[in-house]
Every structure is written in structure tokens, then in C-alpha cells.
């Protein structure tokens, strides 16, 4: 047995984080193994596996950052880049999953007749760049896809620039806020396009419960992003101060963010078990539908 009274706060924090990482990995691997066992639709399930692995990737990434709490800024930037580039991959795969659900192939450049002409209603500030109401065709659908994929390009490019400038020692605070603004706009546009895609194909997507799936992705992306912004603001206002001589205030901010992410990924890994359940591929869903029809 471990005597917690003999452990320092730092050791207890690390041990608690290990437990959180292992728990999130347990729930995720449980779901992954179920999908691999009932491997019926590779296109959809491959995207699902990449999406659900987001929780343990975030947890492990944050734990590595916590182990080296006194790491350099380039080191923390590298960890953030790994995490957020995976986030861009997840958003792209989520869009691919939605396309698979509605049986649309952009490479074929063909939109089924029953989808053509559907209205897409845009809201401010998008109405500054596009009409308030557009009608679905290949070009508008391609535009929604481009709005999503731009984040998959901008995120890695910004990460490389940020790390390079930090290593070169020319990364002032005002520049970091510019990058933050660019990335915030980029990810918001990507998620906005996913929301519009959902509204256009809500009827066809309803059996797949896309809203729950979308909230898992959006929850991890936005919750972690804005949590980091709030911590930066609290540090800037002097509300978070380092009372430990071995940690600078910036390092304490990173440590807090990493601990919180480790905890939160347990919640998201549990929610993903319901959002990306294996039932549609195991035959359980069809069995329930047949049973309900008999009643």
C-alpha cells in the first residue's frame, strides 16, 4: 500500500494524472476493440477509431507535459502542436464520416437529385462574405468542405511557425496572441461548416445521432482551447501566481492545463462510448428495429 501522507503534492498530482490517463485509455481501448471485432464498414469505422483516439492522445500528451513541468516554451509548443494537429485530423475525419453517412462522394462530383436545391442559411459574420441564403449544389458543398479542410492546413503551418520563432527567440507576446486569433477563427470556421452540413442533412443523419458525435469532437476542441485561453488571461491578470520556487508562473499555467485535460479526457472517453457505440455494426441496432416492428 502507498502511504499518501509521505508523498509530496507534486508526486500525488503525477500519480493522479497517471490514473486518469489509464482510465481514459481503458474506456477508449474497450470501444476500439469492439469496433475491430465487428469490422463491418471500414470507411466509417476507420474514421470512428481516429476520432475516439482523440481522448487518450490528449491525455497522454498532457501527461508528458506534466512530467516535464519545467520544460522550455518550445517543448510545450511542440506538445501543443502534436495535440492540435491530431485535432485537425479528427475534424477532417468527422466530416468524412458525415459524407459516408449520407452516401455522397465529392470525388465523383455528383450530388443526388433529392439533395439539390436545399437551402443553406448563413448567419453573421458569415453573411459579410456569402449570401444569407444559398442553395445546395456541388459548389456550395465543396465550399463547406474547404471551410473545414482549411483548418487542417492552417493548424500545422501555424505550429511549425510558432515553434521555429520560439527557438529563434523572436516570439513576442503580441505575436502569440495573433497566432491565437488566427487559429481561433480557423477552428471556428471549420466547426461552423460542420454545423451547416448537419443542418442541411439533418433528416438523413438523424439515425446516426450525429449531434452527440459532433458534441464530443466540439467539446474536446473548444473546451481545451478556451480553458487554455482562460488560464492565460488569469496569469496575465496576476490571479494565478506561482508559490513554488521550482516553477515559474508560465510553467504553473501549463501544469494546471495538463492536469485538467487529464481529468477531462476521462469524461469524454466515457461519452464517446455512447456517441460512437458499436451497435450499428454488431447487428444490435437492426435487431432492435425488427423487434419494434413486431410490436
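Numbering (my numbering), first residue to last: 9 to 303.
For every residue, glycine included, the Cβ atom is placed at its ideal position computed from N, Cα and C.
Element boundaries [alpha helix (DSSP H), containing residue i]
i, result
"residue 92", "81 to 109"
"residue 135", "It is not in any alpha helix (DSSP H) - residue 135 carries neither H nor E in the DSSP assignment."
"residue 186", "181 to 208"
"residue 256", "Here residue 256 belongs to no alpha helix (DSSP H), and DSSP marks it neither H nor E."
"residue 54", "50 to 60"
"residue 113", "Counting along the chain, residue 113 falls outside any alpha helix (DSSP H), and DSSP gives it neither H nor E."
Own chain residues within Cβ distance below 8 Å of residue i, not counting five before or after
i, result
"residue 170", "85, 89, 179, 184 and 187"
"residue 75", "22"
"residue 38", "281"
"residue 112", "119, 120, 123 and 149"
"residue 301", "With a pLDDT of only 45 at residue 301, under the threshold of 50, the placement of this residue in the model should not be trusted, and no figure is reported."
"residue 173", "179 and 183"
"residue 248", "239, 242, 257, 260, 261 and 264"
Backbone secondary structure at residue i - three-state DSSP
i, result
"residue 20", "helix"
"residue 216", "helix"
"residue 299", "Because the pLDDT of residue 299 is 42, which lies under 50, any placement of that residue in the model is unreliable, and the number read from its coordinates should be weighed accordingly. In this structure, residue 299 counts as helix in the three-state DSSP scheme."
Where the beta strand (DSSP E) through residue i begins and ends
i, result
"residue 168", "Residue 168 -> not in any beta strand (DSSP E); alpha helix (DSSP H) instead, spanning 146 to 176."
"residue 128", "127 to 129"
"residue 306", "Nothing can be reported for residue 306, as the shown portion of the chain is limited to 9 through 303."
CB contact flag (residue i, residue j, <8 Å)
i, j, result
"residue 98", "residue 56", "no"
"residue 200", "residue 155", "yes"
"residue 73", "residue 261", "no"
"residue 204", "residue 152", "yes"
"residue 66", "residue 232", "yes"
"residue 105", "residue 52", "yes"
"residue 127", "residue 141", "yes"
"residue 163", "residue 96", "yes"
"residue 229", "residue 267", "no"
"residue 190", "residue 166", "yes"
"residue 103", "residue 123", "no"
"residue 46", "residue 243", "no"
"residue 68", "residue 40", "no"
"residue 197", "residue 222", "no"
"residue 100", "residue 182", "no"
Reference residue i; option with closest CA among the options
i, options, result
"residue 82", "274, 276, 259 and 282", "259"
"residue 4", "24, 19, 32 and 27", "Beyond the ends of the chain as shown, which are 9 and 303, falls residue 4; an answer cannot be given."
"residue 27", "120, 269 and 119", "269"
"residue 235", "208, 47, 165 and 264", "264"
"residue 207", "130, 20, 53 and 121", "130"
"residue 271", "42, 43, 241 and 70", "70"
"residue 227", "248, 279, 209 and 237", "279"
"residue 291", "25, 61, 34 and 43", "43"
"residue 146", "134, 136, 125 and 87", "125"
"residue 192", "92, 209 and 137", "92"
Sequence-distant residues of its chain with Cβ nearer than 7 Å to residue i (five each side left out)
i, result
"residue 49", "289"
"residue 175", "82"
Spatial neighbours of residue i in its chain, beta-carbon cut-off 6 Å, leaving aside the 5 residues before and after
i, result
"residue 109", "213 and 216"
"residue 63", "32, 36, 273, 276 and 277"
"residue 220", "283"
"residue 298", "Note that residue 298 has pLDDT 48, beneath the 50 cutoff, so the model's placement of it is unreliable and the number below is only indicative. For residue 298, where only same-chain residues beyond five positions count, there are no Cβ hits under 6 Å."
"residue 107", "none"
Beta carbon proximity, residue i to chain B, threshold 8 Å
i, result
"residue 37", "Reference to chain B is not applicable here, since this structure consists of a single protein chain."
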